[in-house]
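Heads up, the thing below is written out as structure tokens.
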Amino acid sequence: MSKKSILILIIVLGISFSFGLTFIKNRVKLTAQDPLILEDFIIDGIELREPMSNVLERLGQPEKITKTEDAIYYYYSNLTIESLLIKGPEGIINKVDCVLISEKDIQSFRGIRIGDKEEKVIYRYGEIKKNDNRLIYEKGIGTLIYAISFEIDAGLVKEIATYNAID
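Letter by letter, the sequence shown follows residues 5 to 171 in the numbering used here.
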């Protein structure tokens, strides 16, 4: 490899690394003034409507699995994933429908973790009326409504969930 090629490679890698750090740093700077974006509904890299096979490939086998007629629940130590069994032209499709965080080691895109104060959620996502001790933020994208919900107990975040529903 020539010196010029190596120099170009170093510059490209440097720019990519710098962009990545800026993105990570800026995501937790988002506040209620910033509109909700698709990334707000992605938890620990898990996207709603993503094929569950992709998630299992990344996270490995869960500690426990339970099944119902139309859903499968995957229990990991720090989160639970509900996947819907959707009938498609090629058979049953298993896609992520809900991600539930129950431990402090995972945060939302805007930096909210279990145990954070309700005020921090409001600062990051906005002031809304609680519904059964939950702050629920929604955004319509196409024919789906994406939601992120924060269960509040004694002023602290007890549970975080992302989910969607057909409009």
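The C-beta atom is built at its ideal place from N, Cα and C for all residues, glycine as well.
Residue(s) in a DSSP beta bridge with residue i
{"i": "residue 115", "result": "The partner list for residue 115 (beta bridge, DSSP) is empty, contrary to what the question assumes."}
{"i": "residue 159", "result": "BP columns for residue 159 are empty, so no partner."}
{"i": "residue 144", "result": "149"}
{"i": "residue 55", "result": "99"}
{"i": "residue 138", "result": "155"}
{"i": "residue 87", "result": "76 and 100"}
{"i": "residue 49", "result": "Answer is none; residue 49 lacks a bridge partner."}
{"i": "residue 36", "result": "DSSP, once it has assigned bridges, lists no residue as partnering residue 36."}
{"i": "residue 127", "result": "The partner list for residue 127 (beta bridge, DSSP) is empty, contrary to what the question assumes."}
{"i": "residue 168", "result": "150"}
{"i": "residue 92", "result": "95"}
{"i": "residue 41", "result": "Partner(s): none; residue 41 has no beta bridge."}
{"i": "residue 68", "result": "79"}
{"i": "residue 105", "result": "83 and 164"}
Whole-angstrom C-beta distance between residue j and residue i, which should lie under 8 angstroms
{"i": "residue 168", "j": "residue 141", "result": "Actually they are not in contact, since the Cβ atoms of residue 168 and residue 141 sit about 12 angstroms apart, beyond 8 angstroms."}
{"i": "residue 100", "j": "residue 163", "result": "About 17 angstroms separates the two Cβ atoms, so there is no contact after all."}
{"i": "residue 83", "j": "residue 104", "result": "6 angstroms"}
Pairwise C-alpha distance: residue j and residue i
{"i": "residue 73", "j": "residue 37", "result": "41 angstroms"}
{"i": "residue 23", "j": "residue 129", "result": "Note that residue 23 scores a pLDDT of 43, beneath 50, so its modelled location is shaky and nothing firm can be said."}
{"i": "residue 3", "j": "residue 152", "result": "Residue 3 falls outside the range modelled here, since the chain spans only 5 to 171, and no answer is possible."}
{"i": "residue 25", "j": "residue 124", "result": "The predicted position of residue 25 is uncertain, since its pLDDT is 40 and thus under 50; no value can be drawn from it."}
{"i": "residue 17", "j": "residue 70", "result": "Unreliable placement is indicated for residue 17, whose pLDDT of 46 sits below 50; the coordinate value is still reported in the next sentence. Whole-angstrom Cα-Cα distance: 44 angstroms."}
{"i": "residue 30", "j": "residue 116", "result": "For residue 30, the predicted model reports a pLDDT of 45, less than 50, meaning its position is unreliable; a value from the coordinates is still stated below. Distance between the alpha carbons of residue 30 and residue 116: 14 angstroms."}
{"i": "residue 110", "j": "residue 160", "result": "16 angstroms"}
{"i": "residue 40", "j": "residue 118", "result": "20 angstroms"}
{"i": "residue 20", "j": "residue 65", "result": "Confidence at residue 20 is low in this model, with a pLDDT of 46, below 50, so the placement of that residue is unreliable and no value is reported for it."}
{"i": "residue 79", "j": "residue 44", "result": "22 angstroms"}
{"i": "residue 158", "j": "residue 61", "result": "37 angstroms"}
{"i": "residue 139", "j": "residue 33", "result": "20 angstroms"}
Residue i and residue j closer than 9 angstroms at C-beta
{"i": "residue 42", "j": "residue 145", "result": "yes"}
{"i": "residue 113", "j": "residue 46", "result": "yes"}
{"i": "residue 50", "j": "residue 85", "result": "yes"}
{"i": "residue 154", "j": "residue 122", "result": "yes"}
{"i": "residue 52", "j": "residue 166", "result": "yes"}
{"i": "residue 57", "j": "residue 67", "result": "no"}
Would you check if there are 3 or more beta carbon pairs closer than 8 angstroms linking the region 122 to 136 to the region 87 to 95?
-> no
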